[in-house]
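Shown next, in structure tokens, is the structure this report addresses.
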Amino acid sequence: MREYAIRTHNLSREYDGEVILKEINLQLERGRIHAIIGPSGVGKSVLLRLLNLLERPTSGEIYFDGKALKENNYLKLQRRMTLVFQKPALFNTSVYENVAYGLKVRRENRGSIAEKVEKALGIVGLKGYKHKRARDLSGGEKQRVAIARAMVLEPEILFLDEPTSDLDPRNVAIIEELIKYINREFKTTIVIATHNMFQARRLAHQASVLFEGRIIESGNAQEIFTNPQDKRILRFIEGKIIF
Ligand SMILES: Nc1ncnc2c1ncn2[C@@H]1O[C@H](COP(=O)(O)OP(=O)(O)OP(=O)(O)O)[C@@H](O)[C@H]1O
Ligand SMILES: [Mg+2]
Numbered sequence: 009m010r011e012y013a014i015r016t017h018n019l020s021r022e023y024d025g026e027v028i029l030k031e032i033n034l035q036l037e038r039g040r041i042h043a044i045i046g047p048s049g050v051g052k053s054v055l056l057r058l059l060n061l062l063e064r065p066t067s068g069e070i071y072f073d074g075k076a077l078k079e080n081n082y083l084k085l086q087r088r089m090t091l092v093f094q095k096p097a098l099f100n101t102s103v104y105e106n107v108a109y110g111l112k113v114r115r116e117n118r119g120s121i122a123e124k125v126e127k128a129l130g131i132v133g134l135k136g137y138k139h140k141r142a143r144d145l146s147g148g149e150k151q152r153v154a155i156a157r158a159m160v161l162e163p164e165i166l167f168l169d170e171p172t173s174d175l176d177p178r179n180v181a182i183i184e185e186l187i188k189y190i191n192r193e194f195k196t197t198i199v200i201a202t203h204n205m206f207q208a209r210r211l212a213h214q215a216s217v218l219f220e221g222r223i224i225e226s227g228n229a230q231e232i233f234t235n236p237q238d239k240r241i242l243r244f245i246e247g248k249i250i251f
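In my numbering, the protein residues as written are 9 to 251.
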């Protein structure tokens with residue numbers, strides 16, 4: 009039997025009576041990269057917030073390690089996951105302080121914080137940047153600081169919400185390599201929201217395509233891209249609809 013880090017059953021989310029996500033059934037295998045693909049406004053960010061337990065679904069269940077949420081220790085689960093927001097805001101302080109923040113909140117001791125920050129900056133290729141002001145960095149470097157800030161917490165599951173949407177092609181490639189490296193090196197389960205199906209093909213093992221509130225196709229990322237069952241995905245690949 010496959011091991012799922014997260015599974016959902018008929019997960020739905022409404023805002024003020026308006027249905028955004030309808031009966032979402034996801035199976036996210038441990039240690040893999042999963043892409044949630046879909047056009048702007050479809051509910052990718054909402055779905056990541058539900059999976060990361062920042063928001064409650066209107067109905068439906070989420071299972072972690074095969075156990076329903078209510079049987080799990082909620083706080084403990086939250087500590088095993090981190091979300092890099094679509095537009096991560098850095099504090100107007102040093103890179104070090106930005107990366108150390110989550111560990112300070114967790115009241116780790118200074119020695120351990122220093123060690124972990126050093127390691128996290130190494131992961132994202134920003135060793136030697138710790139005294140720089142975060143706000144002075146380039147867009148690509150800022151995004152790597154945001155990822156270091158997540159990785160310093162050593163998450164089992166890392167959620168990335170459109171991690172490359174504001175970057176130029178060179179920085180997109182750097183971030184994509186970094187995401188693959190993190191998955192390979194630390195076996196981190198990664199869930200990435202993107203409107204870019206080509207990015208999903210480059211990065212992801214598995215993909216789920218959201219359209220009009222529902223998952224219209226889910227499975228092996230390469231297969232979805234090369235041989236989609238849903239006509240709308242084919243039209244997208246052929247450039248006839250824009251995500
Ligand atoms: N807190 C909220 N209150 C009311 N409506 C919300 C809230 N959060 C999201 N929505 C609505 O839910 C829908 C989905 O939003 P979401 O941000 O998840 O889209 P998305 O797929 O991430 O889009 P993008 O690709 O542009 O980031 C939108 O119509 C949005 O207005
Ligand atoms: Mg979004």
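For every residue, glycine included, the Cβ atom is placed at its ideal position computed from N, Cα and C.
The model shown is predicted, which means the values in this text are computed figures rather than measured ones.
Which whole-angstrom value is the C-beta distance of residue i and residue j, which I expect to be below 8 Å?
i: I28; j: T202; result: The pair is not a contact, with the Cβ atoms about 18 Å apart (cut-off 8 Å).
i: G133; j: R157; result: Incorrect: roughly 15 Å between the Cβ atoms, too far for contact.
i: R209; j: A229; result: 6 Å
i: S20; j: G68; result: 5 Å
List the endpoints of the continuous beta strand (DSSP E) containing residue i.
i: R141; result: Per DSSP, R141 belongs to no beta strand (DSSP E) and is neither H nor E.
i: F72; result: 67-72
i: T197; result: 197-202
i: Y137; result: Y137 -> no beta strand (DSSP E), and no H or E assigned at all.
i: F244; result: First-last for F244: 239-245, but that is the alpha helix (DSSP H), not the beta strand (DSSP E).
i: G227; result: 222-228
Using a Cβ-based criterion (distance less than 7 Å to any ligand heavy atom), does residue i qualify as near ligand 1?
i: A128; result: no
i: G201; result: One detail in the question is off: residue 201 reads as Ala in this sequence, not Gly. At least one heavy atom of ligand 1 is nearer than 7 Å to the Cβ of A201, so yes.
i: Y23; result: yes
i: E170; result: yes
i: Q94; result: yes
i: G221; result: no
i: S216; result: no
i: V180; result: no
i: V107; result: no
i: G49; result: yes
i: I28; result: yes
Out of the options, state which residue places its alpha-carbon closest to the alpha-carbon of residue i.
i: S48; options: M205, E231, D238; result: M205
i: I155; options: I131, L55, S146; result: I131
i: G25; options: T66, L55, R57, Q151; result: T66
i: H213; options: F233, V113, F194, G221; result: F233
i: G39; options: I224, V217, T196; result: T196
i: N100; options: R143, L85, E31, Y71; result: R143
i: S53; options: E184, E116, Q94, L145; result: Q94
i: T16; options: A108, N60, P236, L242; result: N60
i: L56; options: Y189, E170, A128; result: E170
i: L129; options: K30, I70, A108, N117; result: A108
Looking at residue j and residue i, is the spacing between their C-beta atoms short of 8 Å?
i: L168; j: V92; result: yes
i: N33; j: I223; result: yes
i: K138; j: Y82; result: no
i: I125; j: V160; result: The question names Ile, yet the displayed sequence has Val at residue 125. Going by C-beta atoms, V125 is nearer than 8 Å to V160.
i: G136; j: I182; result: no
i: A259; j: I165; result: Because the chain in this structure spans residues 9 to 251, residue 259 falls outside the shown range and cannot be described.
i: D238; j: E225; result: yes
i: V217; j: I241; result: yes
i: N191; j: I198; result: yes
Report yes if the C-beta of residue i is less than 7 Å from at least one heavy atom of ligand 2; otherwise report no.
i: S53; result: yes
So, is the C-beta of residue i closer than 8 Å to a C-beta in chain E?
i: E116; result: No chain E is part of this structure, which consists of one protein chain only.
Under DSSP, the alpha helix (DSSP H) around residue i begins and ends at which residues?
i: I190; result: 177-194
i: R157; result: 147-159
i: L29; result: That residue, L29, is in no alpha helix (DSSP H); its beta strand (DSSP E) goes 26-32.
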